[in-house]
Each structure stands twice: as C-alpha cells, then as structure tokens.
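S.K.: The structure follows.
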Amino acid sequence: MTTAGPEEQDQQWLLNCLTATLDASKDVRNFAEISLHQASLQPGFGVALVRIVVNKEVSFGLRQLAAVLVKQYIKQHWQEDDESFVHPVVSSGEKESIRELLLFSLDDHHGKLRTAVAMAVASIAHYDWPEDWPDLIPHLLRLLSDQSTISGVGGALRALALLSDDLDDSMVPKLAPVLFPHLLKIVSSPNLYGKPQRSKALSIFHSCISILASMSGVFWTETRAFMMPILKSWMEQFAIVLQTPVDAKDPDDWSIRMEVLKCLTQFVQNFPDLMEKEFSVFYYPLWGTFISCFKVYESSLIEGAEDPYVGLYDSDGKEKSLESFVIQLFEFLITVVGSRRLAKIMGRNVKELVFYSIPFLQMTEEQVQSWSADPNHYLADESDVSYSCRTSGSLLLEEVINSFGLDGINSILEAVHKHYDDSIRSKNAGLSNWWRMREALILSLCTISDQLLEAQDSRSIDFSLADFLHNIFIEGIGTEVHQFPFLRGRIFSAIAKFSSLINQDIRQQFLLSAIQAISTDVCSPTKVGACQALSQLLTECNPCFLQTQIFSLFSSLTDLLNKASEETLHLVLETLKAAVKAGGEHSASIEAIISPIILNTWLQHVSDPFISIDALEVLEEIKNAPGCMEPLVSRILPSIKSILENPQIQSSGLVGGTLDLLTMLLKDSPPYLAKALFDSCFNSVVNILLLSDDYGEMQNATQCLAGFVSAGKQELLAWSSDPAITMKSLFAAASRLLDPDLESSGSLFISSYVLQLIVHFPSEMAVHIRDLMVAIVHRMESCEIAGLRSSLIVIVARLVHLCTPHVEQFINLLLTIPAKGHENSLVYIMSEWAKQQPEIQGSYQIKITTTALVLLLSTRHPELAKVYVQGNIIKSGEGIVTRSRGKKAPERWTIVSLPSKIFSHLADSLIEIQEQELEKEEDSEWEEDEGEGGLDQDVLLSSMEQSGSRPSVEQLSAMARVLDDDDDDDDFEDLIKRADPLNQIDLSGYLKEFLLNLSNQEGSLFESLYRDLAEGQKEAINRILRRF
47 MTTAGPEEQD
57 QQWLLNCLTA
67 TLDASKDVRN
77 FAEISLHQAS
87 LQPGFGVALV
97 RIVVNKEVSF
107 GLRQLAAVLV
117 KQYIKQHWQE
127 DDESFVHPVV
137 SSGEKESIRE
147 LLLFSLDDHH
157 GKLRTAVAMA
167 VASIAHYDWP
177 EDWPDLIPHL
187 LRLLSDQSTI
197 SGVGGALRAL
207 ALLSDDLDDS
217 MVPKLAPVLF
227 PHLLKIVSSP
237 NLYGKPQRSK
247 ALSIFHSCIS
257 ILASMSGVFW
267 TETRAFMMPI
277 LKSWMEQFAI
287 VLQTPVDAKD
297 PDDWSIRMEV
307 LKCLTQFVQN
317 FPDLMEKEFS
327 VFYYPLWGTF
337 ISCFKVYESS
347 LIEGAEDPYV
357 GLYDSDGKEK
367 SLESFVIQLF
377 EFLITVVGSR
387 RLAKIMGRNV
397 KELVFYSIPF
407 LQMTEEQVQS
417 WSADPNHYLA
427 DESDVSYSCR
437 TSGSLLLEEV
447 INSFGLDGIN
457 SILEAVHKHY
467 DDSIRSKNAG
477 LSNWWRMREA
487 LILSLCTISD
497 QLLEAQDSRS
507 IDFSLADFLH
517 NIFIEGIGTE
527 VHQFPFLRGR
537 IFSAIAKFSS
547 LINQDIRQQF
557 LLSAIQAIST
567 DVCSPTKVGA
577 CQALSQLLTE
587 CNPCFLQTQI
597 FSLFSSLTDL
607 LNKASEETLH
617 LVLETLKAAV
627 KAGGEHSASI
637 EAIISPIILN
647 TWLQHVSDPF
657 ISIDALEVLE
667 EIKNAPGCME
677 PLVSRILPSI
687 KSILENPQIQ
697 SSGLVGGTLD
707 LLTMLLKDSP
717 PYLAKALFDS
727 CFNSVVNILL
737 LSDDYGEMQN
747 ATQCLAGFVS
757 AGKQELLAWS
767 SDPAITMKSL
777 FAAASRLLDP
787 DLESSGSLFI
797 SSYVLQLIVH
807 FPSEMAVHIR
817 DLMVAIVHRM
827 ESCEIAGLRS
837 SLIVIVARLV
847 HLCTPHVEQF
857 INLLLTIPAK
867 GHENSLVYIM
877 SEWAKQQPEI
887 QGSYQIKITT
897 TALVLLLSTR
907 HPELAKVYVQ
917 GNIIKSGEGI
927 VTRSRGKKAP
937 ERWTIVSLPS
947 KIFSHLADSL
957 IEIQEQELEK
967 EEDSEWEEDE
977 GEGGLDQDVL
987 LSSMEQSGSR
997 PSVEQLSAMA
1007 RVLDDDDDDD
1017 DFEDLIKRAD
1027 PLNQIDLSGY
1037 LKEFLLNLSN
1047 QEGSLFESLY
1057 RDLAEGQKEA
1067 INRILRRF
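Going by our numbering, the first residue of the sequence shown is number 47, and it counts up by one from there.
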C-alpha cells in the first residue's frame, strides 16, 4: 500500500477545506474559512489552489469555488505596490507555475470555468504583461488558430477581451497584424463558431481599432497604411452580418449586430476618407437592418407589455436587450449623418431616413406603465438626456438638420405630415394606439423647435407650421380630459415651445386649459405638460385675464406643491415662479397665503441644493413683486435672527440655507430694509464666519457679508453705534478667510467679499494694503484649489488699480514681503499670475486683471525685468502621451521674462476681443441675409460643416472668457460689476491706447517684446497698430 506524498496530502487537505466551506454547519464553515486564510499566507498555496481549478477530476462546484479564491489571491498577493496588497508576496517561481497552469486551462469544456480562468489570466496580465509574461499572446493566438478545440477558442477570446482594457498605442501596432487575421477567420466562419464567439471577436477588434483610431491624429500615414489592406474584407463581413432581417427572438443576433455597428462607428469617426470608398458595401444591408429592426421593436416593445429578454447579459456583463441594439444603431446613423464625407451619400435617402426614424420615438408599453405609476420618473426622463430610443431618435433628427439644413427641415416636416395622416386613419379605424404616433410626431417637432422657428421666421419653408400645429393642438386638447394623458401632456409642452406661432386669443384659450388641467383630477403626465405650458404662457399673458384666474391658479399650484416630490417639485416651483412674476401687483393679494407655503417647502428641503434654490427663487420673485417686499421681510426676519443667533443647535443645512435666504433679501433691497436686516443679523453672520468649522457655512456667510457691503456701501459703517467696530468686524472676517491654515474650500468666495470692500471702502483698505498682501501671499502658498488661486489674483489686480497712479509703490511693497521658495512676493505673485491669467473666468475679472497687467508694465519698473516666469509648453513630438509615458516625461516649459509674458497675455486678450468682434459682424451679416430673402442653402450647409470640426481647448477657453457681460454671471459678480467703475473700461480701446503709446514712446522696448510673440499674437497687434 503506497502512502500519498506531502504534495498530494496538501492537495487533499485543501479539497477538504473547500468542501467544508460549503457545509451546512456555520461552525464548520467558519473554521474552514479561517484555515484557508491562514493557508493563503504560506508558500505554495496559490499553486495548490490553481491545481484544483485545472483538475478535471474534481467536482465542478469545488473547481469554481477555487477559481474565485484564485482571483482573490492574485489581487491580494501578486503585486506589492498594489493598493489591495496583503503580505506576503507570491514568489517568482510560484508566479511562473501559476501562469503556466492557467494558460493550459483556457480550453476547459465548462464555459463558466473558462471565464474564471480567463479572468485570472487577465488579472495577472495586468501586472506582468508584456514584460514578465512574453509568451501570453503567442499562446492565446495558438488557441485561436486551433479550430479543433472550440472551447480553447472561447477561452482565448475571453482572455483577450479582458486584456483589451490594458492595451495601449505601444502594443496594438505590434499585436494587430497577427491578431486581426485570426479574428476575421472567426467572424467569417458562422458554421464553426456561434454568434457569441463571433461577437467576442468583434469586440476585441473594436478595442484594437479604437486604439489605432486614437493614434491616427499623430500617425496618420501609418494607421491608414495598415487599415487600407484589411478594410475591404472586414466591410464584407459586416455586410453579411447586417444583410439578413433582424431576428425577433435571438438576442445573440442583436449582440453581433451591435458589435458590428460599434466597429463601423469607429471607422466612420476616425477614417471617413477610407470609409467613403467602402460605404456602398454595407449601405443597403444597413438599410435592411434599420427597416426590419422597427418591426421587431414595434411588436416587442411598443405594443408588447415588456421586453421578454430584458435583464439578459453576456459573459462580459454587457446587456443584450433589443433597445440597446437600437440605440447603437441610431448612434451609428448619427455618426454617418454628422460626417461631412458620408452625409453626401446618406443625403440621397434623407427623406426615407427621417420617415423610418420617427416611429422609433413612440412610447413603449413599459414606459407607459412606468411613467403612469411614477411622474417623477417621467419628468426625469423628459428633462434629462436619458438612455433610450426616443432620445437617440431625437438626436438623429437634430443631426439631420445640422448636416442637411433646409433639406433636412423639409424632410422632417414631410415625414411628420405623412405620419400624421396615418395616425388620423388609425384613429378613425378605432385602433387604440393611434395616439402614440401622434405624441411621437409632436415630440419630433419639439426636438427641433428652435430650428423650425428660425426657418419659419425667415420664410425659408413652404409649410404653414402655425396652421399645422394649431390643428394638432386644438384636436388634442379637445379630447376628453382623462383620455390619452401623455398626448395631452405633450401638446401642453409643445404649446410652450411654439407659443410664438400661436395668436393671443388661442394662447389665452390654452392657458385656461392648462390652469384647469392642474386643478382637476387628471393623470400626472397631463399636469406635467400643463405646468410646462404655464411656465411659458404666463410670461406672455394679458394681466387683465390673469387677474380673473390668479386665485384659482395659485390655489391649484400650492395644492400640487404639497403633493409633489423630487422632480415634480422642481417643475411646480418653476411654474410658481412664473406665476408670481406674471402676477405683478396682483401677487400682493396672495403674498400672505403663498409665502408661508414656499417657506415651508424651503425649510423641508433646505439640505437639498436644487430644491432649496428653486424655493429661494420663488421667494425672490415674491420679494420683487410690487407691495410684497416689506411683508415678506417682516414675516421671515424673526426666524432668520433666531436661527443665526444659535447656529450650533440647528439641523444640518439650516444655517447655510438661512444665510442664503438672508443674502437674497439683501439683494437690491432699499436702504431702510437693508439696515433692518443689518441690525438683526450682521453680528451673527460675522460670528458664524469667525467660529464655524463648516466650510459650506463659511462660504454662505462670505456671500452674505458681501451682500451687506453691497447693500449698505459707505452707509454701512453709520448703521452701527460704533463704525470702527463694524470695520474691525469686516477686517476680521477677511483675516479668517485668508488664514493659510484654513481648508481652501472655506475661502472659496473670498473674492466677491474683498472686492466689495475695496470698491466701497477704498480709503480704509488702502491703510491696510500691506497686511492684506501678506495675508494673500500666505493664503496663496497653502492654496489647493486653482479657482481660489485665480480669485486671489483678481484681488491683487484690484489692489494694483487701488494704488494708481503710484503702481510702482505697490511693486516696491511686494519686494519687501517674503515668500516661501522665492526671492520675494513680487517674484511669487507674478509667477502665479502668469500661469493663472489664461484660467481666469468672467468678463469683469478678465478686464480687471488685464488692465492691471497694463498698469504694471507701464511702470517700466526695473525689477519686473529681473523676474522670469513660465512661458510656453515644449512639445515632445513623441506622439500620444500615455499615462506611463507622461510619468517618464513630465511637461516642460520655456522660461521667459515677466514683461514678455505680460505682453503675450495682452496679445492673447486682443485675439479674443477681435474674434468676438468678428463673430458679431458675422451674426449681423447673417441677419441681413435672412432679411433679404431667406436662408441660402449653400451658406447654411457650409456653416454646419464648419461647426462640425472640434474646437481646441484654447478656443473653448477663449469663447468662455469673452462672453457678453450679462451672460451667465452669478448674482455676486453682477453686484460687483455694477458697483465698480472699472467695469466701464472699454478693454479693446484701453489695450489699443496702451500699445500705441508704447510703440510711439518706447519703440525699443516695444520691438523687443514684439519679437518674442507668436505669429498669431503679432497679427493681432498689427491689426491694432495698422502695421505692415
């Protein structure tokens, strides 16, 4: 009788231990798990565990359990510098044995075990491949090429699919030439391989071409040279997959088509010139898929109660639903239509494309049931860009207009008219679902409402949109109120979109219908649409008409408010805001009723930033309504005072919310009301800012103090019995915000506060300018947020202006203030300013900092020339910068003198200004062209093509910085802009005058600075100076 060796004994012990973890007894299971954990810390455990996984004589359940433990073991013990590492690390010899055992188990006949082994292989490859595991890919390729073992092909595909996440531009060019032929062989062999295996091969192919596509910008010639010979054979296989009608009962069929469409999308996006030649190969098969797909979609989802395959996923965890496939189909069509090259081909059938696309916008039965049961779900899907066929179909219609202009608009209108006639026939035939198409048609028109209204205004379409919409709206609103709630709701929302096409009498009729809809017991979708209509129509209604409805309107809205939640709450508050604004002087009659209700809503949701802001906006409209400000303040002030005097005992979010409420009341309030708020709350706000550890509360208090200064101005000091104490409190608040030990987020809104102090108390601030600059330097040194650093630069810039005309004294002051790691604060501040200037946002901030740079340069101070700062980035020329390459070769910058950098920033500002002026001229010319007889088709198409190119980051930044003064500025920026006389500076004229003076009076300095500019910067200055 032979005795088992130590290795076999260990193996048997491990099997027994694994078996015990499945025991019915909890004590047995716990002991087994502890034993396994202890064993995992011993040498050889990993190899022993893998041997069980690959041992086909062991039961499937134990092998699967061992595979799970292997994956966990690799994660914890394979790589010492990994964040999940647990001591000890696997030895090199054991690693080699594990890798070898796993590779030769990828052909296991159990699919789940193949997947588990492939996951373990991929986990190891993440650490070891390619450097420490060079034979991995050759082994996988051998498995792929061996058609005798289908299971081996499946295992290799699974491993490669997982590995594809770690591929980069250094690996794919070497891997693709040897891998692609094997993948093509699998895809083109439906008799040997099933659709799941072929889909997996396509998925791997997609991952690789995605990497190649990302390289095409730098390695344009090389990627095309590689793609051209292989493209035709792949396109032929794509056409074969797409040419048969979509199978209604085969999710694997949807999956393989999805993978084909993903690959085609990559090709069209990144190699449109190559695809233009191959487009005809799959064009008609694509049409076949598109048209046959709708029949399946209609029967399964629109008419069916539910998708029978919903929740079905492949081995990678990807959903295999019909809707996911349709969405991918639309994504590809959007990509094709958006391609300048391929749109010309698709344009031949744009009418058919639109006609077959619109029916996909119909509501599915599942959506009807879900949205009927939960109006929040309905409104969320309507408000956001949700992942659905309706959204994808709508995006396609928009892209059609972007690419085809008036032809696209007319094609959509023609398709809508045809489907409308069909819906009439369906309705007359007594079909219950006739309303779905009608609702989808109105949704289609709403999707492109802006383009339709523009075309209608320019008389570019031979279609009476107003008459067509009038017929749809009147017929839909005329149906019984409880019938077709989604159609009625859609009509209401469309009325809001197209109100400008509806005459006053009809608008008034729809307004009355909307008011009645929210006051009666109708389904939620109708009320949602009615609220959307009211938000628009109330702003345009006749005040006399509204007077007769005001009590009914507010009664219904407040009733809705009490029943609303989440998404619907936002909509009702938005409608209330419009109602108060439209009510004007009549709102005073209901202030005592509505204010407490809105305040209660605000209080209940004070911790929700979205709902509380909505409620505050309604309260602000009430405050601004004639005759409402005093009663509202009187109602709120006692509670505000009590909360702010005892902040430590308040519930979460209440103190911050109350500060926001107080700030809102201060905005544009008359002096006597602002003083009443000051008397009750100023000291409490200062104390919160000085004592609170809640950074959110500190931000709210900072804005509130800025509101006090803005409301009181110089009179603020006279509101208290001791002006010196008030000023001391203001300085103490600034000191806390500039504390270098304070978390950066606590100081985030310091700019709005300190700028108000500088503007309204210039003489008081001038006395403390040195202390302020010392504090700014220390705060900047510890700053961790780029936005805060930019805000501090704006304050420094405003102090430069404060020192005018003695700016050289400000420079001398900086020379005397020390800064860590720099010779002095001038060097430090200007180094940061040079880096931050392109990041500064807001027209006011840009104006202040740019003009301050002019003032600094105008001093000709000799110390400026001694400062050297970061210039331009040095491009490496090594192609794509991957993460690993970025670590090895960090960004490098040139070093330039401070005057040269300032001059460069001024030139950049000129470029931005000139681009803005050019855009205004083009807009003016465009409007003139429209007035002379409609839109020119060629001009429209060319403009759409140009807009399709992707702007650079620099262009996007410039666009953001040169927006008009009134666009997208928050309340605090608006307050400081109105108060600061510097905002009246014409930046373009200011720069022009400076450059002319510098050129004429300091010619040598001007020429030396000019020489260092880029060509685009020189051109901008030449245009100003009329040079050359």
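Glycine is no exception: its CB is placed at the ideal position from the N, C-alpha and C atoms. No experiment lies behind these values; they were computed from the predicted model shown.
Suppose the cutoff is 6 Å on Cβ atoms and the five residues either side in sequence are ignored; what does the same chain contact list for Phe91 look like?
M.R.: Correct list, in chain order: Ala85.
S.K.: So which of Pro291, Tyr173 and Pro318 has the shortest CA-CA distance to Thr269?
M.R.: Of the candidates Pro291, Tyr173 and Pro318, the one whose C-alpha sits nearest the C-alpha of Thr269 is Pro318.
S.K.: At what residue ranges does the stretch 645 to 674 contain a whole run of the alpha helix (DSSP H), taking only runs of 4 or more?
M.R.: Those alpha helix (DSSP H) runs which fall completely within the stretch 645 to 674 and span 4+ residues are 655 to 670.
S.K.: Rounded to the nearest angstrom, what separates Leu1042 and Phe949 at their Cα positions?
M.R.: Going by the C-alpha atoms only, they are around 13 Å apart.
S.K.: Tell me the residue span of the alpha helix (DSSP H) that contains Gly1035.
M.R.: From DSSP, the alpha helix (DSSP H) with Gly1035 extends over Leu1033 to Gln1047.
S.K.: Please report the distance separating the alpha-carbon of Phe150 from that of Ser385.
M.R.: Taking the straight line joining both Cα atoms gives about 46 Å.
S.K.: According to the Cβ coordinates, are Ile1067 and Leu956 closer than 8 Å?
M.R.: Yes; because the gap between Cβ atoms is below 8 Å, this pair is in contact.
S.K.: In three-state terms, what does DSSP make of Thr940?
M.R.: In this structure, Thr940 counts as strand in the three-state DSSP scheme.
S.K.: Counting C-beta neighbours from all protein chains within 10 Å, is the total for Lys295 16 or more, i.e. buried, or is it exposed?
M.R.: Exposed: under 16 other Cβ atoms inside 10 Å.
S.K.: On the DSSP letters alone, give me the boundaries of the alpha helix (DSSP H) that Lys833 sits inside.
M.R.: For the record, residue 833 in the displayed sequence is Gly; it is not Lys. From DSSP, the alpha helix (DSSP H) with Gly833 extends over Ala832 to Leu848.
S.K.: Taking DSSP's pairing of strands, which residues face Ile919 in a bridge?
M.R.: DSSP output for Ile919 lists Trp939 as bridge partner(s).
S.K.: Please report the straight-line C-alpha distance between Pro27 and Met483, rounded to a whole angstrom.
M.R.: Here the chain covers residues 47 to 1074 and nothing more, so residue 27 does not appear.
S.K.: So is Gln1047 buried or exposed if we call it buried at 16+ other beta carbons inside 10 Å?
M.R.: Exposed is the call here.
S.K.: From Thr48 to Ser256, what does the alpha carbon distance come to, in whole angstroms?
M.R.: Confidence in Thr48 is poor, its pLDDT being 43 and thus under 50, which makes the residue's placement unreliable; the coordinate value appears in the next sentence. Each residue's Cα considered, the two are about 59 Å apart.
S.K.: Tyr239 by DSSP, collapsed to three states: which one?
M.R.: Here Tyr239 sits in coil by DSSP.
S.K.: Taking only runs that begin and end inside the stretch 75 to 152, name each unbroken beta strand (DSSP E) of 3 or more residues, in chain order.
M.R.: Complete beta strand (DSSP E) runs here, min 3: none at all.
S.K.: Can you tell which of Asp567, Asp706, Asp954 and Ala576 has the C-alpha that lies nearest to the C-alpha of Arg553?
M.R.: It is Ala576.
S.K.: Write down every uninterrupted run of the beta strand (DSSP E) in the stretch 673 to 702 whose length is 3 residues or greater and which is fully enclosed by it, in chain order.
M.R.: As far as the stretch 673 to 702 is concerned, it has no whole beta strand (DSSP E) run of at least 3 residues.
S.K.: Quick check on the burial criterion: 16 or more other C-beta atoms within 10 angstroms. Buried or exposed for Lys623?
M.R.: Burial call: buried.
S.K.: Is Leu1055 helix, strand or coil by DSSP?
M.R.: Helix, per DSSP.
S.K.: Excluding the 5 residues preceding and the 5 following Asp1014 in the sequence, name in chain order all residues of the same chain whose CB lies nearer than 8 Å to its CB.
M.R.: For Asp1014, the predicted structure reports a pLDDT of 37, less than 50, and the residue's modelled location is therefore unreliable. The matter cannot be settled from this model.
S.K.: Just to confirm my understanding: we take Ala113, look at its own chain, exclude 5 residues before and 5 after, and list those with CB closer than 6 Å. What are they?
M.R.: Counting only Cβ-Cβ distances below 6 Å, and skipping sequence neighbours, we find Val99 and Ala162.
S.K.: Whole beta strand (DSSP E) runs in the stretch 331 to 355 with 3 or more residues, listed along the chain?
M.R.: Runs found: none.
S.K.: Provide the residue(s) that pair with Ala865 in DSSP beta bridges, ordered along the chain.
M.R.: Ala865 pairs with His868.
S.K.: Just to confirm, are Lys241 and Ser301 a CB contact at a threshold of 8 Å?
M.R.: Contact flag set, yes.
S.K.: Quick one: what's got a C-beta closer than 7 Å to Ala94's C-beta in the same chain, skipping five residues either side?
M.R.: Cβ neighbours of Ala94 beyond the five flanking positions: Asp56, Gln57 and Leu60.
S.K.: From Ser191 to Asp174, what distance separates their C-alpha atoms?
M.R.: Between Ser191 and Asp174, the C-alpha separation is close to 24 Å.
S.K.: Can you check the stretch 477 to 513 for any beta strand (DSSP E) of at least 3 residues that lies completely inside it and give the ranges in chain order?
M.R.: Counting only runs of 3 or more, we get nothing.
S.K.: Can you give me the C-alpha to C-alpha distance between Glu349 and Thr410, rounded to a whole angstrom?
M.R.: Those two C-alpha atoms are separated by around 7 Å.
S.K.: Exposed or buried, which one is Ala671 when buried takes at least 16 other CB atoms within 10 Å?
M.R.: When all chains shown are included, Ala671 counts as buried.
S.K.: Are there three or more Cβ pairs, one per stretch, closer than 8 Å when the stretch 470 to 484 is compared with the stretch 420 to 433?
M.R.: Touching, no, given that fewer than three Cβ pairs across the two stretches are closer than 8 Å.
S.K.: Ordered along the chain, which non-local residues of its own chain (more than five positions away) have a Cβ less than 7 Å from that of Ala325?
M.R.: Sequence check: residue 325 is Phe here, not Ala. Closer than 7 Å at Cβ, skipping near neighbours: Leu388 and Ile391.
S.K.: Please return the same chain residues whose Cβ sits closer than 7 Å to the Cβ of Leu1021, not counting the five positions on each side in sequence.
M.R.: Closer than 7 Å at the Cβ level, and outside the excluded window around Leu1021, lie Ser756.
S.K.: With C-beta atoms as the reference, is Leu1037 less than 8 Å away from Leu952?
M.R.: Yes, the Cβ-Cβ distance between Leu1037 and Leu952 is below 8 Å.
S.K.: Kindly indicate which three-state DSSP category Tyr914 falls into: helix, strand or coil?
M.R.: Tyr914 falls in the strand class under three-state DSSP.
S.K.: Just reading off the alpha helix (DSSP H) that Asp174 is part of, what are its end residues?
M.R.: Looking at the DSSP string, the run of the alpha helix (DSSP H) that includes Asp174 is Gly157 to Asp174.
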